[in-house]
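Chemist: Quick one: structure below, then a few questions.
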Amino acid sequence: MNKRLRIAVMASGKGSNLEVIIDAAQQGKCPVDVAMVLSDRPEAGALDIARRSGIEEVVHLDPKAFPDRASFDAACAERIEATGCEWIVLAGYMRILSSHFVRRFPGRILNIHPSLLPAFPGAHAVEDALAYGVKLTGCTVHLVDEVLDGGPILAQAVVPVHEDDDRDTLHARIQEQEHRLYPETLKRIAEAGFTLEGRLVRWNKPD
Ligand code: GRF
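Below, the structure written as C-alpha cells:
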C-alpha cells in the first residue's frame, strides 16, 4: 500500500497520544498527516499541542450548543469530511460516538484503550484492572464499531501491574506503551493495510 494517511484526531484530554503521533509524523517515522484536531473541550491540552504544532485545522465544538448527540456528531463529521481526512483517530476522546457517526466512517475510526480488551471496557479501565487484581494489563488499538470498546483489535501491548501501583503509576506505565503502539499501528496501516474477516484483523504483507 505505502501511502500517507490523512487523519483527523479527536481528543478531550491532555493529548499525549496526539503529541507522539504528531512528533512521529514530523520526524518521518510515521507516514501520516495530522490535518485536523477536533475537541469537545475548550481546555483540552490536545488543542494547545495542535496549535503549537501548526496543525491546519484546530477545532473546538461545544456539545452544549447542539440539541442532542446525533446533531453534535453530525457537525463533527461534516467538519472532518470537509478536510478530506480518510481516517479518524480517537486519542482520549471521552464522548461515546453515535451509531450514525460510526456508520458514516465504516472501518476508518481507530481508538486506543488502556486495557487488554475485551477485559475492562469503559471509562475506568485502569481502576477496574487494579480493583480486579490482574497481574498483567496493557493497551489496545482497535477499530470503532457500534459496541463500546468492542471493535476489531488491531494491536495490543502488555504491561505488568506492580503490587504498589495506584491508578496514576499504572496509567503512566500503560501510556509508555500507548505512545509506542499508536504511531506503530498507524504506520502499519499506511505501509501494509489490513483485511477484515468478520471481527478478525488480517494484516497484509507490506509491499
Ligand atoms: C489514554 O490512556 C487512552 O488509552 C484513553 O485516554 C487516554 C488519553 O490520554 N482512551 P492522552 O490525552 O492521549 O494523554
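Here the sequence shown stands for residues 548 to 754, where the numbers follow this note's numbering.
Idealized CB from N, CA, C, for every residue including glycine.
Are there 16 or more other CB atoms within 10 angstroms of the CB of HIS709, so buried, or fewer, so exposed?
Modeler: The count along the sequence shown starts at 1 and reaches residue 709 at position 162. HIS709 comes out exposed.
Chemist: Say yes only if the C-beta of GLU725 is nearer than 7 angstroms to one or more non-hydrogen atoms of the ligand GRF, and no if none qualify.
Modeler: Along the sequence shown, read from residue 1 onward, the residue named residue 725 stands at position 178. Residue side-chain check: GLU725 places its Cβ nearer than 7 angstroms to a non-hydrogen atom of the ligand GRF.
Chemist: Helix, strand or coil: how does DSSP classify ILE627 here?
Modeler: Taking the first residue of the sequence shown as 1, we reach residue 627 at position 80. ILE627 falls in the helix class under three-state DSSP.
Chemist: Within its chain, find whatever has a CB closer than 7 angstroms to the CB of ALA591; leave out the 5 residues flanking it on each side and keep chain order.
Modeler: For the purposes of this step, residue 591 is taken as the residue at position 44 of the sequence shown. Here the set comprises ALA558, SER559, GLY560, GLY562.
Chemist: Report the option in ALA629, LEU644, GLU625 whose CA atom is closest to the CA atom of ASP615.
Modeler: Here residue 615 refers to the residue found at position 68 when the sequence shown is read from its first residue. Taking only the C-alpha atoms, the option nearest ASP615 is LEU644.
Chemist: If you run the structure through DSSP and keep just helix, strand and coil, what is ALA704?
Modeler: Within the sequence shown, the letter at position 157 stands for residue 704. Strand, per DSSP.
Chemist: If you draw a straight line from the alpha carbon of THR742 to that of HIS689, how long is it in whole angstroms?
Modeler: Taking the sequence shown and counting its residues from 1, the one referred to as residue 742 is at position 195. Taking the sequence shown and counting its residues from 1, the one referred to as residue 689 is at position 142. Cα-Cα distance, rounded: 14 angstroms.
Chemist: With which residues is HIS607 paired in a DSSP beta bridge?
Modeler: For the purposes of this step, residue 607 is taken as the residue at position 60 of the sequence shown. Paired residue(s): SER586.
Chemist: Could you tell me the distance, in whole angstroms, from the CA atom of TYR640 to the CA atom of SER586?
Modeler: Reading the sequence shown from its first residue, position 93 is the one you call residue 640. Reading the sequence shown from its first residue, position 39 is the one you call residue 586. Spanning the two alpha carbons is a distance of roughly 8 angstroms.
Chemist: With burial defined as no fewer than 16 other Cβ atoms inside 10 Å of the residue's Cβ, what is the status of TYR679: buried or exposed?
Modeler: Mapped onto the sequence shown, residue 679 falls at position 132. Under this definition TYR679 is an exposed residue.
Chemist: Using 7 angstroms as the cut-off, classify the Cβ of GLY575 as near or not near the heavy atoms of the ligand GRF, replying yes or no.
Modeler: By one-based count along the sequence shown, residue 575 stands at place 28. Because no heavy atom of the ligand GRF lies under 7 angstroms away, the Cβ of GLY575 does not count as near it: no.
Chemist: Using a threshold of 8 angstroms, state whether the C-beta atoms of ILE721 and VAL705 are closer than that.
Modeler: Here residue 721 refers to the residue found at position 174 when the sequence shown is read from its first residue. Here residue 705 refers to the residue found at position 158 when the sequence shown is read from its first residue. In this structure, VAL705 does not lie closer than 8 angstroms to ILE721 by Cβ.
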